[in-house]
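Participant:
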Amino acid sequence: MRKILLIVVVFGLVSCQQKKLDRMQAMQDSIVQAAIEKDSAILDFVSVMTEIQENLDSIKQVEEIVRLETSSGQEMKKSQRDQIVSDIRTIQELLQKNKELVVKLQKQLSSSGSKVAELQRAVLVLNRQVEQKDAEIATLNAELQKLQIDISGLNTRLESMASESLRKDEVIQQNVRTIEEQTVAMNLGYYAFGTVNELFDNGVIDKEGGFLGIGRTLVMRKDFNQEYFTMVDIRELTSLDLHVKKAQLVTSHPEGSYHFEGEKPVESLVIDNPQEFWKSSKYLIIAVTN
Numbered sequence: 001m002r003k004i005l006l007i008v009v010v011f012g013l014v015s016c017q018q019k020k021l022d023r024m025q026a027m028q029d030s031i032v033q034a035a036i037e038k039d040s041a042i043l044d045f046v047s048v049m050t051e052i053q054e055n056l057d058s059i060k061q062v063e064e065i066v067r068l069e070t071s072s073g074q075e076m077k078k079s080q081r082d083q084i085v086s087d088i089r090t091i092q093e094l095l096q097k098n099k100e101l102v103v104k105l106q107k108q109l110s111s112s113g114s115k116v117a118e119l120q121r122a123v124l125v126l127n128r129q130v131e132q133k134d135a136e137i138a139t140l141n142a143e144l145q146k147l148q149i150d151i152s153g154l155n156t157r158l159e160s161m162a163s164e165s166l167r168k169d170e171v172i173q174q175n176v177r178t179i180e181e182q183t184v185a186m187n188l189g190y191y192a193f194g195t196v197n198e199l200f201d202n203g204v205i206d207k208e209g210g211f212l213g214i215g216r217t218l219v220m221r222k223d224f225n226q227e228y229f230t231m232v233d234i235r236e237l238t239s240l241d242l243h244v245k246k247a248q249l250v251t252s253h254p255e256g257s258y259h260f261e262g263e264k265p266v267e268s269l270v271i272d273n274p275q276e277f278w279k280s281s282k283y284l285i286i287a288v289t290n
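This is the structure:
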């Protein structure tokens, strides 16, 4: 009987002890699960914070590129300005993404059963960094707007300068044309030759002086017939073919500046010094005898 009672007591103690062990195991499992969940939350927090930090690093890199491009002091091409606008848009997108991630972190911390002070401080730091970057982006945008205004003003000035340069170029071209025309006019000469009767009948010469038709001098008429003359460039006229028995100049030209080639017949008039020859008159009249 005692043995049976002892067995019952021992069995009861073992059963009670087993229940305690089961409850302890359940508590341990719960603690482990809570720890796992906490670790998972922490890992999630760390992952989000890492992404935020990576975005901040990317923003900093793009900011440096924009500052270098805008501080070069040189006129930017349209492609460069478009790239700056694209870079700033990238910064704004990363900044907006960071804001959303910070909000997500704050919600996760609020809903988390356990308060992790270190994580909360980290979120506050990240939030301040995001706000700081937001202010920097606003400054960059303002600088870009000013840059665009400056470029617009520069383009206006360049257009004005181009217009002024074009106007001056037109004036210069006009002056060049005027000089060329004046040069051509200065170097225009006119010649006519023929027998005395031909020159007289065509209104080129007159006869002056003498007595009873004897000893008269041939002179160029004051109201001479311009159409009878041939126009030439005196810089290019070096000789004039005649092929006549005799030839004499009616107009006045310095001796030594010309000579006749050949005698009976006179083959040509040779101009030895054009500058001297045409100094007295730009008209040359030669009376010939055939």
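Under the UniProt record's numbering, the first residue of the sequence shown is numbered 1, with each subsequent residue one higher.
Where a beta carbon is used, it is the ideal one built from N, C-alpha and C, also for glycine.
1. Report back the beta-carbon spacing between residue 242 and residue 271 to the nearest angstrom; my notes put them in contact at under 8 Å.
2. With burial defined as no fewer than 16 other Cβ atoms inside 10 Å of the residue's Cβ, what is the status of residue 176: buried or exposed?
3. Identify the residues that DSSP records as bridge partners of residue 190: which are they?
4. Determine the DSSP secondary structure at residue 272, reduced to helix, strand or coil.
5. Could you tell me the distance, in whole angstroms, from the CA atom of residue 51 to the CA atom of residue 64?
6. Under DSSP, the beta strand (DSSP E) around residue 219 begins and ends at which residues?
7. CB residue 268 to CB residue 240, shorter than 8 Å?
8. When DSSP builds the beta bridges, which residues end up paired with residue 103?
9. Tell me, please, whether the region 185-198 touches the region 222-237 by the rule of three or more beta-carbon pairs shorter than 8 Å.
10. Let me know if residue 273 comes out buried or exposed under the rule of 16 or more other beta-carbons within 10 Å of its beta-carbon.
11. Note down, in chain order, each residue of its chain lying with its Cβ closer than 8 Å to the Cβ of residue 187, except the 5 sequence neighbours on either side.
12. In the DSSP assignment, find the unbroken beta strand (DSSP E) run with residue 242 in it and report its ends.
13. Do residue 256 and the ligand NAD come close, with the Cβ less than 7 Å from some heavy atom?
14. Would you kindly report the start and end of the unbroken alpha helix (DSSP H) that includes residue 223?
15. Taking the alpha carbon of residue 133 as the point to measure from, which residue in 204, 90, 200 and 178 has its own alpha carbon closest?
16. Is it right to say residue 290 is buried, meaning 16 or more other beta carbons lie within 10 angstroms of its own, or is it exposed?
17. Helix or strand or just coil, what does DSSP make of residue 139?
18. Among 146, 99 and 141, which has the Cα closest to the Cα of residue 125?
19. If you draw a straight line from the C-alpha of residue 204 to the C-alpha of residue 163, how long is it?
20. Is the beta carbon of residue 258 less than 8 Å from the beta carbon of residue 229?
21. Measuring straight from C-alpha to C-alpha, what distance separates residue 208 and residue 244?
22. Thinking just about the alpha-carbon of each residue, which of 254, 247, 252 and 256 is nearest to the one in residue 298?
23. For the beta strand (DSSP E) that contains residue 255, what are its first and last residues?
24. Measure how close the beta-carbons of residue 254 and residue 281 come, nearest whole angstrom, since I'm counting them as under 8 Å.
25. Buried or exposed for residue 184, going by 16 or more other Cβ atoms inside 10 Å?
26. Report back the beta-carbon spacing between residue 284 and residue 251 to the nearest angstrom; my notes put them in contact at under 8 Å.
27. Can the beta-carbon of residue 196 be found less than 8 Å from the beta-carbon of residue 218?
Facilitator: Answer, in terms of the structure:
1. That belief does not hold up - the Cβ atoms of residue 242 and residue 271 are roughly 13 Å apart, past 8 Å.
2. exposed
3. DSSP, once it has assigned bridges, lists 231 and 283 as partnering residue 190.
4. coil
5. 20 Å
6. Segment 217-220, the beta strand (DSSP E) holding residue 219.
7. yes
8. Partner(s): none; residue 103 has no beta bridge.
9. yes
10. exposed
11. 233, 234 and 235
12. 239-244
13. For the structure depicted, the ligand NAD is absent and the ligand set is empty, with no information on it obtainable.
14. It is not in any alpha helix (DSSP H) - residue 223 carries neither H nor E in the DSSP assignment.
15. 90
16. exposed
17. It is helical.
18. For residue 125, the closest of 146, 99 and 141 by C-alpha to C-alpha distance is 99.
19. When rounded, the distance between both Cα atoms is 53 Å.
20. no
21. 25 Å
22. Residue 298 lies beyond the range of the chain shown here (1 to 290); nothing can be said about it.
23. No beta strand (DSSP E) holds residue 255; DSSP gives it neither H nor E.
24. Between residue 281 and residue 254 the Cβ distance is about 10 Å, and since that is not below 8 Å, they are no contact.
25. Answer is exposed; the Cβ neighbour count stays below 16.
26. The Cβ separation is near 6 Å, so the contact holds.
27. Against a cut-off of 8 Å, the Cβ pair of residue 218 and residue 196 comes out as a contact.
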